[in-house]
Amino acid sequence: MGNVPTTVKHCLSYQQLLHDHPWLPRWLLDQKSASSQEYPEFVKIVEVGPRDGLQNEKEIVPTGVKIQLIDKLSQTGLTAIEATSFVSSKWVPQMADHSEVLRGIHRDRHVRYPVLTPNMRGFQDAVAAGATEVAVFGSASETFSRKNINCSIEESMQRFEEVLSAAKQKQIPVRGYVSCALGCPYEGSVEPSKVTEVARRLYELGCYEVSLGDTIGLGTPGSMRTMLTSVLQEVPSSALAVHCHDTYGQALANILTALQMGVCVVDSSVAGLGGCPYALGASGNVPTEDVLYMLQGMGIETGVDLSKVIEAGDFICQALGRTTHSKVAQARANQVSR
Amino acid sequence: MGSTGEMADQVEVMKGINRKPGVSYPVLTPNLKGFQAAVKAGAGEVAIFGAASELFSKKNINCSVEESLQRFEEVTKAAKEAGVPVRGYVSCVLGCPYEGNVAPEKVAQVAKRLYSMGCYEISLGDTIGVGTPGGMIEMLEAVVQEVPVGALAVHCHDTYGQALANILIALQMGISVVDSSVAGLGGCPYAQGASGNVATEDVVYMLHGLGIHTGVDLPKLMDAGAFICRSLNRKTSSKVAQATCKL
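So the sequences go chain by chain: A and B. Using this note's numbering, the letters of the first sequence map in sequence onto residues 1 to 338. Using this note's numbering, the letters of the second sequence map in sequence onto residues 1001 to 1247.
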């Protein structure tokens, strides 16, 4: 069409419009422009640093340091801090001091301290150590389930059923996790319908919330949207959370997508603790500081004090002898004073 | 085309590269003199850099925003005569290292001036990466009142890790041109050790994951990133590159 301005070209020819903007049909389907997009007024942050974070750090952290970290996090306004994991110390030596940690922390009355309990034995040990909330970890990938917890998805569900039944009797809330929600290190892509099935099972078994984990961080806003569209057919958004890994730098964009779809609980890890066990040296958990910065900038309430989280992050990084993965923490620390 | 240390070999670079057909190689020209030198060295496209913050303009290019726009008008006039397309940049669109908050209306004003003087595209830069999706929406809503969205681009810095989220929002608002830097080259001069430009590899990964066509070959891009990091003896700032090479 020669020298005709682009906007006029597009008015004259829809083909030209589609040629120049191939993403347009999908965008139109969404029927919401970003400016009329609704976001939750409040987002709950579930801090997984002390468990998911430290579990995946090379160094085994002394019990005293873990306790100090959790105590510092308890002062930030966070209302959920995953404290430890009652798995066999044979498999996860980093969490061998689970009972000590749970008994040693100062429990703030505004904070919940969920612990992982993969089976009845773990659950009983957790209760004996004073746990008041537990979590179970399912997988949307068969291969991952077998390699990670040594059983099929179906078998794991049966174990969880026992835990949930016992937890119900003791009135202990249970949170469910689905790993490999956006991809598996062994199977590659994972069908959204599989994620939905596992999420639904956990929800129906009695989990009050199901956290969907992008275990190796492969996901992008595209696959997040597709997966959530599927899961939301079976589990209400009020019972969902996202647990995004930042291995490919996609975490904040994925979290933003989840918020746009009505999810209002986000898992994150102070200082981005916890690398990716499947890609040596690559990053893993999304840093809590960076998530908070984004939410604050969007006017979304979290109740969490960013500066205090940065302090907690500084503390644990010093203790571990490593630099933070949080860009916000790095930027703040390095700001040239004017 | 200026006189900063790293860019002193501008003419050699322009003459030395193998220009691929279909690829444009814009060069920065802050004033008429720079423009003339660029054209002499064979530049086929130039760019001019305005600011949405007065203090930043004074500290960075030693003149007010208005004075800079007048200089640019000389460039765009000469460029029009020479048939050379001009791209405009607005820096500090989501915050300024000196002034702090920047009014969206100011950004819109500067963008409008650059567009009216003939820039075919205006790249809106979050110079210190302080922006978040909230600020991006507000700013873009103001700018699209003055400049058609098809003539806009975003240039997000990743200093606070917000770049991809900000880019996603910009895409949702109709923007379809994104600036990025291979391997995330370029730190933030206002925060020592902090990151700067968003890594092209990470942007392309997200766009491809969204089913958006870019025409860019990601593995080849990563090769280029690996090359420059080796030469500079530094690690890549791209998470995609870090993850991929270690799997």
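Just so you know, even glycine gets a beta-carbon here, dropped at the ideal spot from N, CA and C. Keep in mind the model is a prediction, meaning the values are calculated, not measured.
Of all residues in the stretch 1135-1154 of chain B, only G1135, I1137, E1141, P1148, G1150 come within less than 7 angstroms of chain A when Cβ atoms are compared, listed by chain position.
Contact with chain A is absent for Y1089/B, since none of that chain's Cβ atoms lies less than 8 angstroms from the residue's Cβ. Classified as exposed, N1233/B has fewer than 16 neighbouring CB atoms from the shown chains inside 10 Å of its CB.
By a beta-carbon distance limit of 8 angstroms, P114/A contacts R175/A. Their separation comes to about 6 angstroms.
Under the Cβ criterion of 8 angstroms, Q250/A is counted among the residues facing chain B.
For C244/A, same chain residues with a beta-carbon under 6 angstroms away, outside a window of 5 residues either side, are D214, A251, N254, I255, V286 in chain order. Just measuring C-alpha positions, the residue of G1044/B, S1123/B, I1137/B, T1244/B sitting nearest K1015/B is G1044/B.
By the criterion of a C-beta distance shorter than 6 angstroms, E162/A is surrounded in its chain by M120, once the five residues flanking it on both sides are discounted. According to the DSSP assignment, Y1115/B belongs to the alpha helix (DSSP H) that extends over 1104-1116. Contact of T302/A with chain B is not assigned, every C-beta pair being separated by 8 angstroms or more. Taking the CA atoms as reference points, I60/A sits about 34 angstroms from R201/A. Judged by DSSP secondary structure, K44/A falls within the beta strand (DSSP E) whose first and last residues are 44-47.
If you draw a 10 Å sphere on the C-beta of R1019/B, you find fewer than 16 other C-beta atoms in it, and that means exposed. A direct Cα-Cα distance of roughly 27 angstroms separates H1208/B from G274/A. L1124/B and A1153/B have their C-alpha atoms spaced approximately 6 angstroms apart. In the DSSP annotation of this structure, the continuous segment of the alpha helix (DSSP H) that includes C317/A starts and ends at 306-320. Non-local C-beta neighbours of F315/A in its own chain, meaning closer than 8 angstroms and more than five positions away in sequence, comprise Q68, L69, K72, ordered along the chain. Chain A has a Cβ within less than 8 angstroms of the Cβ of M1206/B.
Annotation for G297/A: the continuous alpha helix (DSSP H) segment containing it runs 288-297.
In the DSSP annotation of this structure, the continuous segment of the alpha helix (DSSP H) that includes A1082/B starts and ends at 1065-1082. Interface annotation, P221/A: in contact with chain B, CB-CB separation under 8 angstroms. Burial state of P1021/B is exposed, judged by a 10 Å Cβ sphere holding fewer than 16 other Cβ atoms.
With distances taken between CA atoms, Y1115/B lies nearest to G1050/B out of A1103/B, V1130/B, A1241/B, G1050/B. By alpha-carbon distance to L182/A, the top candidate from Q171/A, S139/A, R159/A is S139/A. When Cβ-Cβ separations below 8 angstroms define contact, V1065/B makes no contact with chain A.
In the structure shown, the three-state DSSP call for C1229/B is helix.
Neighbours of S283/A in chain B, taken as residues at a C-beta separation under 9 angstroms, are given in chain order as K1239, Q1242, A1243. Contacts between Y293/A and chain B, judged by CB atoms closer than 8 angstroms, involve T1132, Y1160, G1161, Q1162 in chain order. Secondary structure of N1197/B (DSSP, three-state): strand.
Counting along the chain, the unbroken alpha helix (DSSP H) around R225/A starts and ends at 221-231.
According to the DSSP assignment, R175/A belongs to the beta strand (DSSP E) that extends over 174-179. Residues of the same chain with a CB within less than 6 angstroms of the CB of H1155/B, apart from the 5 flanking positions on each side, are S1123, G1125, D1179 in chain order. Rounded to whole angstroms, E209/A and Q335/A show a C-alpha spacing of 39 angstroms. Contact of A253/A with chain B is assigned, a C-beta pair being separated by under 8 angstroms. Counted as a single uninterrupted DSSP element, the stretch harbouring D267/A is not any alpha helix (DSSP H) but the beta strand (DSSP E) occupying residues 265-268.
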